[in-house]
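Line by line, the protein sequences give chains A and B.
Residues 347 to 771 in the numbering used here are what the first sequence spells out, letter by letter.
Residues 347 to 771 in the numbering used here are what the second sequence spells out, letter by letter.
No residue lacks a Cβ here, since even glycine has one placed at the ideal position from N, Cα and C.
There are 2 protein chains.
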Amino acid sequence: MTARPLAIAIAGLGTVGAGVAKLLRDNADLIAARAGRPIVVTAISARDRHKDRGVATGGMRWYDDPVALADDAGVDVVVETIGGSEGPARALVEAALTAGKPVVTANKALLAVHGAALARMGGTLAFEAAVAGGIPAIKAIREGLAANRLSRVAGILNGTCNYVLTTMRERGLQFAEVLHEAQKLGYAEADPAFDIDGVDAAHKLAILAALAFGRPVDLAAVHIEGIRGVSALDIALAEELGFRIKLLGIATRSAGGVSTRVHPCMVPKGAAIARVEGVFNAVVAEGDFCGRVMLEGRGAGAGPTASAVVADLIDIARGRLTPVWGAEALDDVPSLPMEAHVGAYYLRLMVLDRPGVIADVTGILRDERISLESMLQRGRAPGEAVPVVLTTHDCEERQMRVAIARIAALETVVEPPALIRIEAL
Amino acid sequence: MTARPLAIAIAGLGTVGAGVAKLLRDNADLIAARAGRPIVVTAISARDRHKDRGVATGGMRWYDDPVALADDAGVDVVVETIGGSEGPARALVEAALTAGKPVVTANKALLAVHGAALARMGGTLAFEAAVAGGIPAIKAIREGLAANRLSRVAGILNGTCNYVLTTMRERGLQFAEVLHEAQKLGYAEADPAFDIDGVDAAHKLAILAALAFGRPVDLAAVHIEGIRGVSALDIALAEELGFRIKLLGIATRSAGGVSTRVHPCMVPKGAAIARVEGVFNAVVAEGDFCGRVMLEGRGAGAGPTASAVVADLIDIARGRLTPVWGAEALDDVPSLPMEAHVGAYYLRLMVLDRPGVIADVTGILRDERISLESMLQRGRAPGEAVPVVLTTHDCEERQMRVAIARIAALETVVEPPALIRIEAL
Chain A
347 MTARPLAIAI
357 AGLGTVGAGV
367 AKLLRDNADL
377 IAARAGRPIV
387 VTAISARDRH
397 KDRGVATGGM
407 RWYDDPVALA
417 DDAGVDVVVE
427 TIGGSEGPAR
437 ALVEAALTAG
447 KPVVTANKAL
457 LAVHGAALAR
467 MGGTLAFEAA
477 VAGGIPAIKA
487 IREGLAANRL
497 SRVAGILNGT
507 CNYVLTTMRE
517 RGLQFAEVLH
527 EAQKLGYAEA
537 DPAFDIDGVD
547 AAHKLAILAA
557 LAFGRPVDLA
567 AVHIEGIRGV
577 SALDIALAEE
587 LGFRIKLLGI
597 ATRSAGGVST
607 RVHPCMVPKG
617 AAIARVEGVF
627 NAVVAEGDFC
637 GRVMLEGRGA
647 GAGPTASAVV
657 ADLIDIARGR
667 LTPVWGAEAL
677 DDVPSLPMEA
687 HVGAYYLRLM
697 VLDRPGVIAD
707 VTGILRDERI
717 SLESMLQRGR
727 APGEAVPVVL
737 TTHDCEERQM
747 RVAIARIAAL
757 ETVVEPPALI
767 RIEAL
Chain B
347 MTARPLAIAI
357 AGLGTVGAGV
367 AKLLRDNADL
377 IAARAGRPIV
387 VTAISARDRH
397 KDRGVATGGM
407 RWYDDPVALA
417 DDAGVDVVVE
427 TIGGSEGPAR
437 ALVEAALTAG
447 KPVVTANKAL
457 LAVHGAALAR
467 MGGTLAFEAA
477 VAGGIPAIKA
487 IREGLAANRL
497 SRVAGILNGT
507 CNYVLTTMRE
517 RGLQFAEVLH
527 EAQKLGYAEA
537 DPAFDIDGVD
547 AAHKLAILAA
557 LAFGRPVDLA
567 AVHIEGIRGV
577 SALDIALAEE
587 LGFRIKLLGI
597 ATRSAGGVST
607 RVHPCMVPKG
617 AAIARVEGVF
627 NAVVAEGDFC
637 GRVMLEGRGA
647 GAGPTASAVV
657 ADLIDIARGR
667 LTPVWGAEAL
677 DDVPSLPMEA
687 HVGAYYLRLM
697 VLDRPGVIAD
707 VTGILRDERI
717 SLESMLQRGR
727 APGEAVPVVL
737 TTHDCEERQM
747 RVAIARIAAL
757 ETVVEPPALI
767 RIEAL
């Protein structure tokens with residue numbers, strides 16, 4: 347091996363940054379063989395110089411200001427593992443690209459919010475670790491399936507949500523109980539909103555949609571609903587109906603444009619994605635020649651994320667480069683509003699057990715030209731609230747919203763209706 | 347777009363070759379954007395110039411001898427879709443590499459048999475299409491998971507076998523019935539031996555093992571058993587025991603070396619790979635940092651295979667190159683013999699329903715120090731043959747072979763014992 351080592355700098359030594367340093371050390375021989383030359387950490391920036399992170403930083407140049415890494419002439423590639431769409435992470439990535447240094451990042455928020463502008467700066471920006479952790483989903487879509495016109499890309503993109511939904515189902519618990527437990531186990535953050543409300547999944551979906559359809563990343567267009575509203579009752583009823591509830595990110599290309607949405611979905615129990623449980627992630631892509639391809643694995647954690655970061659470094663060491671969003675020129679495909687979504691729906695109402703209630707509800711659906719697929723009424727308790735479940739054939743989201751508002755206003759409907767979209771995957 | 351088009355030649359216009367030509371035509375705009383330049387078919391070789399293949403060959407140079415494509419100065423890259431490990435396919439690939447032209451091939455037999463020698467010739471040899479069709483498995487293992495020390499790579503690598511086993515289970519049919527039907531439907535060849543006897547899966551496993559463990563491809567070391575011996579009875583009994591029977595290719599790295607084997611396996615019904623049914627393929631890789639990653643999709647057919655071939659062409663157009671087996675220097679890791687395999691076993695005997703039979707069988711297992719996990723005896727028919735099923739804890743294959751030979755020799759055992767290895771995946 348005579349090639350010059352690739353000298354890298356790591357900014358941020360949290361879980362991911364420390365994981366990258368550990369991986370580069372533990373598998374140095376194998377990485378050098380596959381990269382064609384050694385990959386060596388020469389500079390570091392982190393908040394606290396004296397904290398023990400389980401990785402030796404001796405012999406590496408230390409910077410208090412991460413942005414200074416971009417100006418270190420001895421650094422070939424900058425690895426950004428600080429996180430966040432603004433502040434030092436963004437400043438460093440912009441400085442490194444301006445200095446002509448390739449950047450590898452795990453920062454989905456930065457990519458989702460500023461990815462289009464960063465790509466216009468030119469240079470190499472690699473981000474395999476930003477989506478689905480240890481699963482090489484970015485590479486699969488951007489290179490492996492590059493010959494295909496993709497019609498849909500979808501996935502279980504947030505392990506915390508999938509863990510919560512899986513545990514609710516397996517143990518018959520309510521959302522709040524499982525979330526509390528997940529926080530104690532370290533599967534959910536102290537402030538879980540970013541995961542639970544679907545924001546993290548939306549960042550990843552915006553990135554996947556840009557790659558899949560060759561268009562500028564458009565986070566603002568993503569319709570986002572989290573899993574707070576999913577109840578143990580709906581999970582049990584889904585099971586009875588042959589479905590499983592998953593938080594999915596789904597991007598679809600149709601004649602009119604691209605729709606991107608993150609929300610709880612009912613997927614048929616028999617679907618491959620329905621069986622991806624716990625903290626695991628999965629990404630599905632559908633192409634005109636490849637058909638449907640699914641990838642599953644660990645979407646987070648030090649090891650899987652470091653695996654993805656170092657894969658990007660090996661690509662750079664080998665000179666295997668790709669335009670940030672897969673092509674130099676991107677399509678100006680419009681984003682479609684959620685109101686235009688067409689699909690089937692699961693609707694669960696709590697109604698007073700009185701004559702005429704079902705007639706009122708089904709009358710509203712008929713008025714809005716929504717046709718029923720099935721109806722399930724469980725238990726009788728005259729005068730008290732009982733659940734009624736309806737599933738529909740395909741209709742437009744805008745029709746459904748009108749119907750839901752009218753149904754919610756009925757005097758006999760005692761709780762806000764639960765609505766979960768049914769997805770064939 | 348000002349870059350010069352990449353001029354390719356296609357040798358062989360069967361299902362795959364014609365599929366490649368069609369894909370390059372149908373998605374020309376998108377492929378040019380992702381490749382950074384157009385990819386254009388300029389020369390062709392096939393057996394019958396006048397056969398209609400659904401793709402226009404006008405304007406392309408025609409060669410009766412595929413090897414002549416290597417000498418066409420107007421050809422940048424040769425696509426070999428003739429097939430077979432010898433003859434014109436091998437001659438063409440060698441000639442193209444000698445001429446310094448990159449080669450893209452879907453030819454698993456060629457790679458499995460001559461892959462080590464071809465790599466020593468130098469040059470670019472890409473073969474995403476050789477394993478698991480439309481699933482970007484080669485890219486995932488060689489690039490996406492390149493930072494990992496892999497401990498195991500395994501998969502459902504032959505769609506015909508998976509279709510036959512799935513159909514046997516779903517409809518309770520015997521092997522011969524389903525094979526006959528599969529042949530009528532075009533899911534199995536008129537001469538099915540190559541698929542059914544595990545040879546095709548062994549080719550693919552030899553390729554995956556070489557990539558996963560960075561060693562020269564070693565087809566001769568692969569232990570191969572096909573699915574002819576799998577009976578409807580064993581499939582039904584597997585179901586009862588909580589297993590599903592799959593033909594898997596499994597390559598494992600241990601301290602002593604690499605074991606590679608293709609044979610029917612009992613996998614727990616709950617395992618992700620157990621649910622990959624019908625003609626679908628799947629590849630699982632286990633790495634020290636990424637954890638377990640599984641990819642599934644269509645493993646054969648014109649579309650998926652063309653998708654993989656053109657992905658390789660896009661990589662070449664972009665200059666994204668990788669050594670044939672992932673690294674310049676390969677490890678000289680020894681191959682382990684099947685006798686050294688350690689695992690659990692399912693054993694199904696047909697025994698005469700007489701006193702003492704079970705004592706004889708379990709006595710032999712005890713003599714060979716094989717410990718039982720479970721035993722199942724179904725139905726009583728004094729003096730007649732009844733099935734007895736035993737599952738064992740982990741033991742060595744060589745112990746099991748001795749035990750099986752002794753059990754088969756018992757006067758009360760009326761059929762050759764059925765042995766299926768149990769695999770945790």
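Listed along chain B, the residues sitting closer than 8 angstroms to Ala652 (chain A) by beta-carbon distance are Ala493, Phe635. In this structure, the straight-line span from the alpha carbon of Thr470 (chain B) to that of Asp677 (chain B) is close to 20 angstroms. Under the 10 Å beta carbon count, Lys454 (chain B) is surrounded by 16 or more other beta carbons and is classified as buried.
Its chain contains Met696, Val697, Leu698, Ala731 as the residues whose beta carbon lies nearer than 8 angstroms to that of Val760 (chain B), once the 5 sequence neighbours on both sides are disregarded; these appear in chain order.
Residue A:Ala463 holds the alpha-carbon nearest to the alpha-carbon of Thr444 (chain A) among A:Ile704, A:Ala463, A:His569. Closest by C-alpha distance to Arg747 (chain A), out of A:Val735, A:Leu659, A:Val734, A:Pro763, is A:Pro763. Judged by DSSP in its simplified three-state form, Ser717 (chain B) adopts coil rather than helix or strand. Across the region 473 to 487 of chain A, CB contacts with chain B closer than 7 angstroms involve Gly480, Ile481, Pro482, Lys485, Ala486, in sequence order along the chain. Judged by DSSP secondary structure, Lys615 (chain B) falls outside any alpha helix (DSSP H); it is assigned neither H nor E.
For Asn373 (chain A), the closest Cβ of chain B is nearer than 8 angstroms.
By the Cβ rule, the region 508 to 520 of chain B counts as touching the region 575 to 587 of chain B, because three or more pairs are nearer than 8 angstroms. Between Ile385 (chain B) and Leu359 (chain B) a beta carbon distance of about 17 angstroms is seen, past the 8 angstroms cut, so the two are scored as non-contacting. When DSSP states are grouped into helix, strand and coil, His460 (chain A) belongs to the helix group. When the Cα atoms are used, Gln745 (chain B) and Ile716 (chain B) turn out to be separated by approximately 7 angstroms. The CB of Gly382 (chain A) comes closer than 9 angstroms to the CB of Pro669, Ala673, Glu674 in chain B, given here in chain order. Distances from the CA of Ala548 (chain B) to each of B:Arg599, B:Ala566, B:Val421 were compared; the closest alpha carbon is that of B:Ala566. Just measuring C-alpha positions, the residue of B:Leu491, B:Glu535, B:Lys615 sitting nearest Arg644 (chain A) is B:Leu491.
Legend: CB atoms of the region 567 to 596 of chain A lying less than 9 angstroms from CB atoms of chain B are not found in any residue. By the neighbour-count definition (other C-beta atoms within 10 Å, threshold 16), Lys397 (chain A) is an exposed residue.
CA-CA distance, Val449 (chain B) to Ala357 (chain B), rounds to 11 angstroms. Under the Cβ distance rule, Arg644 (chain B) counts among the residues neighbouring chain A, one pair being separated by less than 8 angstroms.
When 7 angstroms is used as the limit between beta carbons, Glu426 (chain B) is near no residue of chain A, the shortest such separation being about 17 angstroms.
Straight-line measurement puts the Cα of Ile553 (chain B) at about 9 angstroms from the Cα of Ala476 (chain B).
For Lys592 (chain A), there is no enclosing alpha helix (DSSP H); the residue is part of the beta strand (DSSP E) that begins and ends at 589 to 600. A straight line joining the alpha-carbon of Gly725 (chain B) with that of Val734 (chain B) spans about 10 angstroms. Taking a beta-carbon distance threshold of 8 angstroms, Ile660 (chain A) counts as an interface residue toward chain B. A straight-line Cα-Cα distance of about 36 angstroms links Ala657 (chain B) and Asp740 (chain A).
Ranked by Cα distance from Gly709 (chain B), the options B:His569, B:Lys530, B:Gly468, B:Ile753 are led by B:Ile753.
For Val656 (chain B), the residues of chain A that pass the 9 angstroms Cβ criterion are Ala492, Ala493, Asn494, Phe635, in the order they occur in the chain. Taking one beta carbon from each stretch, the region 499 to 514 of chain B and the region 390 to 405 of chain A have fewer than 3 pairs nearer than 8 angstroms; the two do not touch. At a cut-off of 8 angstroms between beta-carbon atoms, Leu641 (chain A) makes contact with chain B. Taking 8 angstroms as the threshold, the shortest C-beta distance from Arg664 (chain B) to chain A falls below it.
Under the three-state reduction of DSSP, Ala472 (chain B) is assigned to strand.
Taking the Cα positions, Lys447 (chain B) is about 56 angstroms away from Glu719 (chain B). Proximity of chain A to Ile377 (chain B) at the Cβ level (cut-off 7 angstroms) is accounted for by Ala493, in chain order. Beta-bridge partners of Asn627 (chain B) (DSSP): B:Gly643.
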